[in-house]
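To convert, count from 1 in the sequence shown and add 33; that's the numbering used here.
No residue lacks a Cβ here, since even glycine has one placed at the ideal position from N, Cα and C.
Everything numeric in this text was worked out from a predicted model, so none of it was measured.
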Amino acid sequence: KQWYQRRVRGGQGWAGMSALFSTMKMPIIVEKIFIDQVKTWLYPAIVHVYTPIKNASLAIARASSNLILSGDGQFDSPGHSAKYCVYTVMCHSTGRIIDFAIAQRTKLKAELEKAACKKLLLKFIGLGINGFSLVTDRHGGIRAMIRDEAIFSSLSHFFDIWHLAKSLGKELG
Numbered sequence: 034k035q036w037y038q039r040r041v042r043g044g045q046g047w048a049g050m051s052a053l054f055s056t057m058k059m060p061i062i063v064e065k066i067f068i069d070q071v072k073t074w075l076y077p078a079i080v081h082v083y084t085p086i087k088n089a090s091l092a093i094a095r096a097s098s099n100l101i102l103s104g105d106g107q108f109d110s111p112g113h114s115a116k117y118c119v120y121t122v123m124c125h126s127t128g129r130i131i132d133f134a135i136a137q138r139t140k141l142k143a144e145l146e147k148a149a150c151k152k153l154l155l156k157f158i159g160l161g162i163n164g165f166s167l168v169t170d171r172h173g174g175i176r177a178m179i180r181d182e183a184i185f186s187s188l189s190h191f192f193d194i195w196h197l198a199k200s201l202g203k204e205l206g
């Protein structure tokens with residue numbers, strides 16, 4: 034049962050699950066029942082477990098005086114053809130994911146990673162989480178956004194050491 038839940042949570046949906054079951058020559062429920070089961074049982078269960086954890090993490094972040102967050106974007110496909118970007122922010126002191134935001138290519142023309150990051154940062158500021166340090170990769174759009182937009186002036190922006198060392202290694206040859 035656990036591998037099945039991981040496949041659905043991992044975004045496989047009906048097509049992926051149907052292909053998997055077909056390959057294993059196993060019967061599977063029809064698509065309508067599959068979708069109904071996911072909507073009725075799986076999604077509410079995820080929300081039921083995730084919401085209190087997220088709220089507790091946000092409360093810790095709000096109460097922290099020296100908050101350091103790390104953010105990074107994950108795309109649904111490699112290269113420049115991605116349709117979605119999930120930007121995730123983690124708190125260094127707790128090691129917990131604070132929140133995530135999804136940007137969709139069809140809804141905007143801007144860079145997906147920058148748009149999802151901005152959505153999260155504005156949410157944090159709206160929740161009263163200000164003056165924190167944000168560690169990201171060397172994304173030029175995020176760097177410029179934090180530097181140039183007045184609403185982000187209370188943030189301190191740093192690059193993570195892995196991406197910094199990687200770019201330095203490329204420059205040195």
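| Under the three-state reduction of DSSP, which class applies to Ala136: helix, strand or coil? | Ala136 carries a strand assignment under DSSP once its states are collapsed to helix, strand and coil.
| First and last residue of the uninterrupted beta strand (DSSP E) at Val168 | 166-169
| Smallest Cα separation from Met123: which of Lys203, Ala94, Lys72? | Comparing Cα-Cα distances from Met123 to each of Lys203, Ala94, Lys72, the minimum goes to Ala94.
| message | On the criterion of 16 or more Cβ atoms from any shown chain inside 10 Å, does Glu182 qualify as buried, or is it exposed? | response | The residue in question, Glu182, is exposed, as its Cβ has fewer than 16 Cβ neighbours within 10 Å.
| Does the Cβ-Cβ distance between Tyr117 and Asp105 come in under 8 angstroms? | Their beta carbons are not under 8 angstroms apart, which means Tyr117 does not touch Asp105 by this criterion.
| request: Enumerate in chain order the residues of its own chain whose CB-to-CB distance from Thr127 is below 7 angstroms, with the five nearest sequence positions on each side excluded. | output: Excluding positions up to five away in sequence, the list reads Ser90, Ile93.
| task | Leaving aside the five residues before and after Val80 along the sequence, list all residues of the same chain whose C-beta is less than 7 angstroms from its C-beta, in chain order. | result | Sequence-distant Cβ neighbours of Val80 in its own chain, meaning closer than 7 angstroms and more than five residues away, do not exist here.
| Since Ile130 and Thr121 are thought to touch, with beta carbons under 8 angstroms apart, how far apart are those beta carbons, to the nearest angstrom? | 6 angstroms
| message | Going by C-alpha to C-alpha distance, which of Tyr83, Gly164, Phe133 sits closest to Ser97? | response | Gly164
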